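One structure below.
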Ligand SMILES: [Zn+2]
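Numbering (the numbering used here), first residue to last: 25 to 353.
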């Protein structure tokens, strides 16, 4: 279980939640959305624990001491229901939602709220999402459903329209930097935050996993393919054994920066300011329409990542195309 935490950039969200409690209008369905690495789960757990707690503190936080908080900490609170994809599965299927509907037909076991966490809501498959609507259409006694999603575009409009929305956005740089300092992330903070698109938890994860050497290696492979010095098929074979989604994300960010370099944007606006000199050189010999073409292919590949795509083949196709565009074919 993710420990509940309220991060410094979530204070206004917490204040809003506190208002809900004071005014006794806790939403029946609350959708927390925002990019990966902004702490959606931690915030949701903080809300849940506070709703279940018997002796909330004046700022609406849970006490951490009462019998309900202890049950929550032990993951055995009967009125906290976590709905996530089962291990090894990418989706939340209809069976899990049917089970949920049966549970919700019963009263909560304690006198406080009951909390259902749908985590993440964009993993409900179609049948499950349709069945889940029933939970939202017929509000259940003292029940708050919290849904988490990275992007609203993957959720059916019927679900969206029934939820109160709370959007997490990336914090100001100084707030993110201060928090990263507390996590002992000292070196390369700016670069890590850029790579994480401003999401502090993701930047911290990148720092702990020491991803920068891999990124440097992949970038140099990519340049050497462009220079005709490396074979795209060999590199595809090497890459698909690594962190595939991360490498794909880097390719997208490099291509995006190529387009920006073409329009001579300022360094500060690049995702990869440290790579600007090499990117600028590439732009000097590529055609803009080819860069867009490559970028479109990358986006299509990313969409297919959710399905059973052959990742080695995906890299082969992308890198062969990349090689051809650089040879002017
Ligand atoms: Zn408590």
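Glycine included, each C-beta is placed from N, C-alpha and C at the ideal position.
Model, not experiment: these values are computed from the prediction.
Residue burial classification, residue 103 (beta-carbon count within 10 angstroms, cutoff 16):
By the neighbour-count definition (other C-beta atoms within 10 Å, threshold 16), residue 103 is a buried residue.
With burial defined as no fewer than 16 other Cβ atoms inside 10 Å of the residue's Cβ, what is the status of residue 309: buried or exposed?
Exposed is the call here.
Compute the distance between the beta-carbons of residue 41 and residue 68, then report whether it is under 8 angstroms.
The Cβ atoms of residue 41 and residue 68 do not sit closer than 8 angstroms to each other.
Whose C-alpha, out of 186, 179, 191, is nearest the C-alpha of residue 64?
The candidate whose alpha carbon is nearest that of residue 64 is 191.
DSSP three-state label for residue 379, please.
The requested residue 379 does not occur in the structure, where the chain is confined to residues 25 to 353.
Since residue 75 and residue 50 should fall inside the 8 angstroms C-beta cutoff, what is the C-beta to C-beta distance between them, to a whole number of angstroms?
Yes, residue 75 and residue 50 are in contact; Cβ-Cβ is about 7 angstroms, under 8 angstroms.
For residue 104, which three-state DSSP category applies?
In this structure, residue 104 counts as strand in the three-state DSSP scheme.
Which residue from 170, 348, 175, 211 puts its Cα closest to that of residue 252?
Restricting attention to 170, 348, 175, 211, the CA atom closest to the CA of residue 252 is found in 348.
Please report the straight-line C-alpha distance between residue 235 and residue 277, rounded to a whole angstrom.
Roughly 15 angstroms between the two C-alpha positions.
Taking residue 53 as the reference, which of 118, 172, 295 has the closest Cα?
The shortest Cα separation from residue 53 among 118, 172, 295 belongs to 172.
Should residue 86 be listed as close to ligand 1, given that the test is whether its C-beta is under 7 angstroms from any heavy atom?
For ligand 1, a non-hydrogen atom lies closer than 7 angstroms to the CB of residue 86.
Express the C-alpha separation of residue 150 and residue 179 in angstroms, rounding to a whole number.
The straight-line gap from Cα to Cα measures roughly 10 angstroms.
Please report the straight-line C-alpha distance between residue 119 and residue 292, rounded to a whole angstrom.
Each residue's alpha carbon lies about 49 angstroms from the other.
Are the region 280-294 and the region 332-347 touching by the rule of at least three beta carbon pairs closer than 8 angstroms?
The region 280-294, when compared against the region 332-347, does not touch it at the 8 angstroms Cβ threshold.
For residue 138, name the three-state secondary structure that DSSP assigns.
Here residue 138 carries a strand assignment [DSSP, helix/strand/coil].
Give the secondary structure of residue 350 by DSSP, where H, G and I count as helix, E and B as strand, and everything else as coil.
Note: residue 350 maps to helix in three-state DSSP.
Option in 153, 254, 324, 123 with minimal Cα separation from residue 273
Measuring from the Cα of residue 273, the nearest candidate turns out to be 324.
DSSP-derived helix/strand/coil call for residue 56
Residue 56 falls in the strand class under three-state DSSP.
Hey, could you find the ends of the alpha helix (DSSP H) residue 231 is sitting in?
Counting along the chain, the alpha helix (DSSP H) containing residue 231 begins and ends at 224-232.
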